[in-house]
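**Q** Mind looking over this structure? Questions follow.
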Amino acid sequence: MRSKGIVLGMVLMLLLAACAPAATPTPTAAPPAPPTPVPATPTAVPPTPTKTLEQMSFEERITFLAEKAKAEGGVINSYGMPEIWANYGGIFAEFKKRFGITQQDIDMGSSVVLARMTEEDASKNDVADLKPAFAAELAKRGLTADYKVSCWDKLPEGQKGQDPNTGSVWYVGYKGTLGWIVNTNLIKTIPRSWKELENPEYKNMIGYLDPRATGTGINTVEAAAYAVSGDPYNYKAGAEFLGRLHKMGLVASVDPKVTVDKFQRGEIGILINFDYNLLKWKEELGVPSEVVIPADGTVASGGGVIIAKNAPHPYTARLFMEFLLCGDGQKLYAQAFVTPINPEVQIPPEVAAKFPPKEAYAKVVMIDYAKDAAISEDLKKAWAEATGAQ
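If you use mature numbering (1 follows the signal peptide of the UniProt record, and there is no 0), the sequence shown corresponds to residues -22 to -1, 1 to 368, in order.
As structure tokens, this is what we get:
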């Protein structure tokens, strides 16, 4: 019985244990969540440095300057760049077509441009055309911009300059040779040399530009000097020769700026100027005529072009100079008998065929601009004295 009781007690204890609630397990700590990754800060790319205007290519400059010029009123003020000179009519027409900018020109000779820009502190005009010696003088006075066009290195030495003291820049845009155009209806014996101009048949028939006002007038004295003395800078010989023409009553007109009206009307029969103008007038004026390069000698010279230091439209002025010297301006010179200064542009064969024959240019000397500058003032006085000009 005792053993049965023991067994029964053990069974009861097991049953009670089975019915007891299970013990709550101690919670196990969750492993820490991995940290949220923070995106790495990207390495900054250094900005590309902005190019200066001088570092830009021709195409980049044209784009930049054209955009800037839009805020400058759509005009460009010029001195000494009339439409009848060196094809400026065609050049500015194309400039307007491309960029919507209209030229406003005051026609004047080189001496007047120099004096006026000095008086105005180069603040009224944007660009100008004048003889190279006077362009260099403006630079010496610090009255031209220090801007170098994109094709600066392509332009020949001696046909550009930067003053070492002021930094101001000047250019030669084109060149030509001095001669004359003859109205063959009025003049039956065509003069083919300076000496042949001394002919009583030409009474009141000769016209040329005033050396006191124009670079071309100074070149006329130099060309005559070269023909009669062999030295273009022997200005007294040139002045005395022209003085004889005046005393013979052969000179009808000495003008302070370029004009073809008297020639076109038949009031004068012999007009002295550069070949690029003479050939264009021969083609366009409707006057039966012949262009002569004098056989006893003459001079060739360039045409100076500048940007005014204090130009009222500075971006427009720079845009024009790029167009003129590095762009299609040179081609527009070439298409109208003007020899471009940029050696990469040549006169088209069909235009060159209309020039006098090459042998006509056998005795031509290129003007030295420094020597020209040195004698200009004395030349003017000698000419006035020899011709009795007032």
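Beta carbons are placed, not taken as given, at the ideal position from N, Cα and C, and that holds for glycine.
(1) Just mark D350 as buried or exposed, buried being the case when its beta carbon has 16 or more other beta carbons within 10 Å.
(2) Got a sec? Which residues, its chain only, sit under 6 Å from N212 by beta carbon, not counting five neighbours each side?
(3) With C-beta atoms as the reference, is Y254 less than 9 Å away from V343?
(4) What does the alpha-carbon distance come out to for the pair A273 and L175?
(5) Count the other C-beta atoms from every protein chain shown that fall within 10 angstroms of the C-beta of S267, then say buried if there are 16 or more, exposed otherwise.
(6) With burial defined as no fewer than 16 other Cβ atoms inside 10 Å of the residue's Cβ, what is the status of D104: buried or exposed?
(7) Along the chain, where does the alpha helix (DSSP H) containing Y311 start, and where does it finish?
(8) If we count the other Cβ atoms within 10 Å of its Cβ and call it buried at 16 or more, is S128 buried or exposed?
(9) Terminal residues of the continuous beta strand (DSSP E) containing I345?
(10) To which residues of the same chain is T2 closer than 8 Å at the C-beta, ignoring the five residues directly before and after it?
(11) To the nearest angstrom, how far is the alpha carbon of A201 from that of L156?
(12) Is the CB-CB distance between I84 and V236 below 9 Å?
(13) My guess is that I271 and A338 are in contact by the Cβ rule of under 8 Å, so how many angstroms apart are they, rounded?
(14) Extract the residue ranges of the beta strand (DSSP E) inside the stretch 108 to 193, only unbroken runs of 3 or more that lie entirely within it.
(15) For H224, which residues in the same chain have their Cβ closer than 6 Å to its Cβ, ignoring the five residues on either side in sequence?
(16) Candidates T167, K29, K74, G281: which alpha carbon is nearest G193's?
(17) If I'm right that G151 touches L302 with Cβ under 8 Å, what's the distance once you round it to whole angstroms?
(18) Looking at C-beta atoms only, is the number of pairs between the stretch 82 to 99 and the stretch 125 to 139 that lie closer than 8 Å three or more?
(19) Do V265 and N177 have their C-beta atoms closer together than 9 Å?
(20) Within 8 Å, do at least three Cβ pairs link the stretch 325 to 337 to the stretch 129 to 141?
(21) Using beta carbons (cut-off 9 Å, strictly below), is F112 in contact with chain B?
(22) Kindly identify the DSSP beta-bridge partner or partners of E268.
(23) Once the 5 residues before and after A295 are set aside, which same chain residues still bring their CB inside 6 Å of it?
(24) Could you check whether V232 and A367 sit closer than 9 Å to each other, using their CB atoms as the reference points?
**A** In this structure, then:
(1) Against the sequence shown, residue 350 aligns to sequence position 372. Burial call: buried.
(2) Walking along the sequence shown from the start, residue 212 turns up at place 234. Around N212: A203.
(3) As a working note, residue 254 is residue 276 in the sequence shown. As a working note, residue 343 is residue 365 in the sequence shown. Taking 9 Å as the Cβ cut-off, Y254 and V343 do not qualify as a contacting pair.
(4) Against the sequence shown, residue 273 aligns to sequence position 295. Against the sequence shown, residue 175 aligns to sequence position 197. Roughly 12 Å separates the two Cα atoms.
(5) Counted from its first residue, the sequence shown places residue 267 at position 289. By the 10 Å Cβ count, S267 comes out buried.
(6) The sequence position of residue 104 within the sequence shown is 126, counting from 1. It is buried - the Cβ of D104 has at least 16 other Cβ atoms within 10 Å.
(7) Position 333 of the sequence shown, counting from 1, holds the residue named residue 311. Where Y311 is concerned, the enclosing alpha helix (DSSP H) stretches over 306 to 312.
(8) Sequence index remark: in the sequence shown, residue 128 carries index 150 (1-based). Buried is the call here.
(9) The residue you call residue 345 lines up with position 367 of the sequence shown. Segment: none, I345 is in no beta strand (DSSP E) and carries neither H nor E.
(10) For the purposes of this step, residue 2 is identified with residue 24 of the sequence shown, where counting begins at 1. Residue placement at T2 cannot be trusted, given a pLDDT of 45 that sits under 50; what the coordinates show is reported in the next sentence. Closer than 8 Å at Cβ, skipping near neighbours: no residue.
(11) Here residue 201 is taken as the residue at index 223 of the sequence shown, counted from 1. Here residue 156 is taken as the residue at index 178 of the sequence shown, counted from 1. Going by the C-alpha atoms only, they are around 7 Å apart.
(12) Taking the first residue of the sequence shown as 1, we reach residue 84 at position 106. Taking the first residue of the sequence shown as 1, we reach residue 236 at position 258. Going by C-beta atoms, I84 is not nearer than 9 Å to V236.
(13) Numbered from 1 along the sequence shown, position 293 holds the residue referred to as residue 271. Numbered from 1 along the sequence shown, position 360 holds the residue referred to as residue 338. At roughly 4 Å, the Cβ-Cβ gap stays under 8 Å, so I271 and A338 are in contact.
(14) 138 to 140, 147 to 161, 184 to 187
(15) In the sequence shown, counting from the first residue as 1, residue 224 sits at position 246. Same-chain partners within the cutoff: T365.
(16) As a position in the sequence shown, residue 193 is number 215, starting the count at 1. That would be G281, whose Cα lies nearest to the Cα of G193.
(17) For the purposes of this step, residue 151 is taken as residue 173 along the sequence shown, with counting starting at 1. For the purposes of this step, residue 302 is taken as residue 324 along the sequence shown, with counting starting at 1. Between L302 and G151 the Cβ distance is about 6 Å, and since that is below 8 Å, they are a contact.
(18) no
(19) Counting from one through the sequence shown, the residue named residue 265 turns up at place 287. Counting from one through the sequence shown, the residue named residue 177 turns up at place 199. Contact flag unset, no.
(20) no
(21) Of the protein chains in this structure there is only one, and it is not chain B.
(22) For the purposes of this step, residue 268 is identified with residue 290 of the sequence shown, where counting begins at 1. Paired residue(s): V160.
(23) Start at 1 with the first residue of the sequence shown, and residue 295 comes out as number 317. So the qualifying residues of the chain are D104, V105, I285, A289.
(24) Within the sequence shown, numbered from 1, the residue matching residue 367 stands at position 389. Within the sequence shown, numbered from 1, the residue matching residue 232 stands at position 254. Going by C-beta atoms, A367 is nearer than 9 Å to V232.
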